[in-house]
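Student:
There are 2 protein chains.
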Amino acid sequence: MMEYRGRHYRTVWWEDGALKMIDQTLLPFTFTVAVSSSCRDTARHIRRMTVRGAPAIGAAGAYGMVQAFMEGKPEEGETALRATRPTARDLFAGIDRVKKAAGEASPRDRASAALAAAEEFAAHSAEECRLIGEQGAPLIGDGSTVLTHCNAGWLACVDWGTALAPVYRAHREGKRIFVLVDETRPRCQGGKLTAWELSGEGIPHAVIPDTAAGFYMRRGKVDMVITGADRIAFNGDTANKIGTLQVAVCAQRFGIPFYIAAPWATFDPECTSGSEIPIEERDPEEVTRMAGRDETGRLVSVRVCNPDSRAENPAFDVTPAELVTGYITPAGVITAADIPRVVPR
Amino acid sequence: MMEYRGRHYRTVWWEDGALKMIDQTLLPFTFTVAVSSSCRDTARHIRRMTVRGAPAIGAAGAYGMVQAFMEGKPEEGETALRATRPTARDLFAGIDRVKKAAGEASPRDRASAALAAAEEFAAHSAEECRLIGEQGAPLIGDGSTVLTHCNAGWLACVDWGTALAPVYRAHREGKRIFVLVDETRPRCQGGKLTAWELSGEGIPHAVIPDTAAGFYMRRGKVDMVITGADRIAFNGDTANKIGTLQVAVCAQRFGIPFYIAAPWATFDPECTSGSEIPIEERDPEEVTRMAGRDETGRLVSVRVCNPDSRAENPAFDVTPAELVTGYITPAGVITAADIPRVVPR
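One line per chain: the protein sequences are D and S, in this order.
According to our numbering, the stretch in the first sequence is residues 17 to 361, in order.
According to our numbering, the stretch in the second sequence is residues 17 to 361, in order.
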């Protein structure tokens, strides 16, 4: 279980009749808990990335549906939640899970059945991430260097993380591990969130520009790569944060194992291949501007690009299955060929 | 010849007994000319990147040596200039050229011989870049999309550019070209300088995060890649801005031609292979902080990384010759196998 200043936190949780979330837009500079009291507000938080990371928005989507049932407007709420972000499968899995449970209950019990289903979905997601840690830790040798992209730690999940769960587990088992953290432009979830998590756990690491991953690989400084996933097609093609594809291409070129870590909700049996995964295009201002802390400690946004130029901002890319050494799942490390056999349909 | 607001500028030039440079640390927000009146000050400007780009710092180094001779301290000046930046070959070529010319002159004529040599070195560099444009333009088809990394435009050179010279030439010939501009963290010379240059020339372009280059290549949206170079070894291995290696690896994977454009001073016949090229490590604050313009128009530096984490900042990487489709030189497009035959030793 992941802690901040000695207290255990989940990234998203239900408390006092409201949805609470660690506000990830303010980290690493300020640790604040955001509160959402309506489905509409939860949808807004998912869209603005107060909460982000496929498993975490899966849970947020589930709790958002609880709010929709409590408000007596499940269709309207579902539409709003589904429209927030298109790529991560977990979001739709969370929404569907709660909708199904509520649909099976009597009208009087609908809201409480929805809440029970969301709580169960979140707890199950956390447990799956814990198991991913158990399954993946043996892959990490003592003294090795792991490269990761974006943030697939506990902030991206309800607890534990996906890509970082094996790292946390191996570290707690006493292995010496060094993590190379891709900064992950444009939003810098690597430099801001992954680095913050690793600092909290006391795991040695260095942040590198995304441009430097290949440099370290070619120099033999990377023993393995582990990333998370937003959606895994039935053939193993994997959508993840923009830049993952390049890391996977370089890993193959330089003979470095490349692993994807994900819970079952990220696997999408209805996507035959990666070409069917919708890719979110986000606001180009995420590229042309950058948020950071100025000299006075204030969080400000500065323009870092020629003002007359336009930018493009695809948020995800698809890594073809042939570049993935293995998928670290709650039930073990599998290959793309195993997916049809083991993924619950 | 490149222009800003209707006036032709070189990036570095000698005027009124001093070295003048477009201050590239303030672009694209402010166009300012910096003046250096001493060799020591020129060395400082090269180190802080007032002037940057291999051919441009070659000329700055040449003019810096002129100042060293004028100050009567050529050894001290040479040492200071050589210590500024280790990777670009052009810097050492510029210093050596002026030193040789001054050494061949009588003591009385030494300073004026040095200045004549520096002027000739700069003019020759500009002419070579013009020729690179002529030689490279036929490679660019009408309607094609060129991806480039960092800034290898006229700001990086005395005039015209290296990677961008063929783009400018083809554009002036009437070809329709679209340029995908890698932002190029950590210093964002792509988003800041290349985008500014392309805007000035009226060439359609979009800035993308470095993480997105592979995404566009896999989608078939990139017809060719052209980058500059800081040093090209005798076997064709090429040091260039960090991130070039990843772009080249992806280009090969997706079957896209990858070209390096460079004048002769960038080729180093004394480097047998890329492993002999010294790689500059720069201040990690370039990664953990980012400079940009805030709401009030002020240029500020903000922290964009977890404060407790350290960063690493290798400034260059080496692309092996086998990934380079061709080298666009002033004398034509050559392959690595041609280098021993055509490079002046």
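C-beta: ideal position from N, C-alpha, C; glycine also.
1. Tell me the rounded alpha-carbon separation between residue 343(S) and residue 56(S).
2. Starting from residue 306(D), find everything on chain S with Cβ-Cβ shorter than 8 angstroms and list it in chain order.
3. Check this for me: beta carbons of residue 181(S) and residue 145(S), under 8 angstroms apart or not?
4. Please confirm if the region 285-305 of chain D is in contact with the region 210-220 of chain D, defined as three or more CB-CB distances below 8 angstroms between the two stretches.
5. Quick check on DSSP: helix, strand or coil for residue 93(S)?
6. Going along the chain, which unbroken runs of the beta strand (DSSP E) with 3 or more residues stay wholly within the region 205-262 of chain S?
7. In terms of residues, what are the limits of the beta strand (DSSP E) holding residue 191(S)?
8. Residues of chain D with CB closer than 9 angstroms to the CB of residue 231(S), please, in chain order.
9. Would a C-beta distance cut-off of 8 angstroms place residue 199(S) and residue 238(S) closer than the cut-off?
10. Provide the residue span of the alpha helix (DSSP H) that contains residue 58(S), from first to last.
11. Measuring only between beta-carbons, confirm whether residue 58(S) sits less than 8 angstroms from chain D.
12. State the start and end residues of the unbroken beta strand (DSSP E) segment that holds residue 325(D).
13. Please identify the residue among 168(S), 212(S), 225(S) and 161(S) whose C-alpha is closest to the C-alpha of residue 191(S).
14. Taking the beta strand (DSSP E) that residue 35(S) belongs to, which residues open and close that run?
15. Could you tell me which whole alpha helix (DSSP H) segments of length 4 or greater appear in the region 118-189 of chain S?
16. Mind listing the chain D neighbours of residue 265(S)? Cutoff is C-beta to C-beta under 7 angstroms, in chain order.
17. Of the choices 177(S), 163(S) and 207(S), whose alpha-carbon is the least far from that of residue 236(S)?
18. Taking the continuous alpha helix (DSSP H) assigned at residue 101(D), which residues delimit it?
19. Exposed or buried, which one is residue 175(S) when buried takes at least 16 other CB atoms within 10 Å?
20. Do you know offhand how far residue 117(D)'s Cα is from residue 87(D)'s?
21. Mapping DSSP to helix, strand and coil, what is residue 269(D)?
22. Can you have a look at residue 99(D) and say buried or exposed, based on whether 16 or more other CB atoms are within 10 angstroms of its CB?
23. Can the beta-carbon of residue 345(S) be found closer than 8 angstroms to that of residue 274(S)?
24. Between residue 199(D) and chain S, is the shortest Cβ-Cβ distance under 8 angstroms, so that the two count as touching?
25. Would residue 306(D) and residue 270(D) qualify as a contact pair, given that the criterion is a beta-carbon distance under 8 angstroms?
26. Considering only residues of the same chain and omitting the five flanking positions on each side of residue 266(S), which have a CB-CB separation below 7 angstroms?
27. Looking only at its own chain, which residues have a Cβ that is under 6 angstroms from the Cβ of residue 167(D), when we skip the five neighbours before and after it?
28. Quick one: is residue 47(D) buried, meaning 16 or more other Cβ sit within 10 Å of its Cβ, or exposed?
29. Measuring straight from C-alpha to C-alpha, what distance separates residue 319(S) and residue 313(D)?
30. Kindly identify the DSSP beta-bridge partner or partners of residue 305(S).
31. Near residue 281(S), what residues of its chain come up, given a Cβ to Cβ distance below 6 angstroms and the 5 sequence neighbours on each side ignored?
32. Under 8 angstroms by Cβ, that's how I've got residue 103(D) and residue 332(D) pegged, so tell me the actual separation to the nearest angstrom.
33. Keeping to the same chain, check which residues put their C-beta closer than 6 angstroms to that of residue 85(S); ignore five residues upstream and five downstream.
34. May I ask you to list the residues that DSSP assigns as paired with residue 23(S)?
35. Starting from the beta carbon of residue 48(S), find every residue of chain D whose beta carbon is closer than 8 angstroms, and list them in chain order.
36. What's the gap between the Cα of residue 89(S) and the Cα of residue 30(S)?
Tutor: The short version:
1. Approximately 35 angstroms, taken between the alpha carbons.
2. Neighbours of residue 306(D) on chain S, chain order: 306, 308, 318 and 320.
3. Between residue 181(S) and residue 145(S), the C-beta spacing is below 8 angstroms.
4. Too few Cβ pairs lie closer than 8 angstroms, so no.
5. Helix.
6. With a minimum length of 3 residues, the continuous beta strand (DSSP E) runs that stay inside the region 205-262 of chain S are 221-224, 240-243, 247-249 and 254-257.
7. Note, residue 191(S): premise wrong, no beta strand (DSSP E); not H, not E.
8. Counting only Cβ-Cβ distances below 9 angstroms, residue 231(S) has contacts in chain D at 258, 259, 261, 262, 295, 330, 332, 333 and 334, in chain order.
9. With contacts defined as CB atoms closer than 8 angstroms, residue 199(S) and residue 238(S) fail to qualify as a contacting pair.
10. Residues 55-63.
11. Not an interface residue.
12. Secondary structure note for residue 325(D): it is in no beta strand (DSSP E), with a DSSP letter that is neither H nor E.
13. Ranking 168(S), 212(S), 225(S) and 161(S) by CA distance to the CA of residue 191(S) puts 161(S) first.
14. In the DSSP annotation of this structure, the continuous segment of the beta strand (DSSP E) that includes residue 35(S) starts and ends at 34-38.
15. Along the region 118-189 of chain S, the alpha helix (DSSP H) occurs as fully enclosed runs of 4 or more residues at 126-152 and 180-188, listed in sequence order.
16. Under the 7 angstroms cutoff, chain D gives 230, 265, 266 and 269.
17. Check the Cα spacing between residue 236(S) and each of 177(S), 163(S) and 207(S): the tightest is with 163(S).
18. No alpha helix (DSSP H) holds residue 101(D); DSSP gives it neither H nor E.
19. The residue in question, residue 175(S), is buried, as its Cβ has 16 or more Cβ neighbours within 10 Å.
20. Rounded to the nearest angstrom, the two C-alpha atoms are 16 angstroms apart.
21. Three-state DSSP puts residue 269(D) in a helix.
22. By the 10 Å Cβ count, residue 99(D) comes out exposed.
23. In this structure, residue 345(S) keeps its C-beta atom at 8 angstroms or more from the C-beta atom of residue 274(S).
24. Interface criterion met: the Cβ of residue 199(D) is under 8 angstroms from a Cβ in chain S.
25. In this structure, residue 270(D) does not lie closer than 8 angstroms to residue 306(D) by Cβ.
26. Shown here for residue 266(S): same chain residues with a beta carbon closer than 7 angstroms to its own, the five before and five after excluded, namely 229, 230 and 233 in chain order.
27. Cβ neighbours of residue 167(D) beyond the five flanking positions: 205, 209 and 210.
28. With fewer than 16 other Cβ atoms from the protein chains shown falling within 10 Å of its own Cβ, residue 47(D) counts as exposed.
29. Going from the Cα of residue 319(S) to the Cα of residue 313(D) covers about 9 angstroms.
30. According to DSSP, residue 305(S) bridges with 319(S).
31. Counting only Cβ-Cβ distances below 6 angstroms, and skipping sequence neighbours, we find 74, 106 and 109.
32. Right, their Cβ atoms sit about 5 angstroms apart.
33. For residue 85(S), where only same-chain residues beyond five positions count, the Cβ hits under 6 angstroms are 118, 126, 127 and 130.
34. Residue 23(S) is bridged to 20(S).
35. Contact note: residue 48(S) does not reach chain D at a C-beta cutoff of 8 angstroms; the least C-beta distance is about 16 angstroms.
36. Residue 89(S) and residue 30(S) have their alpha carbons spaced roughly 19 angstroms apart.
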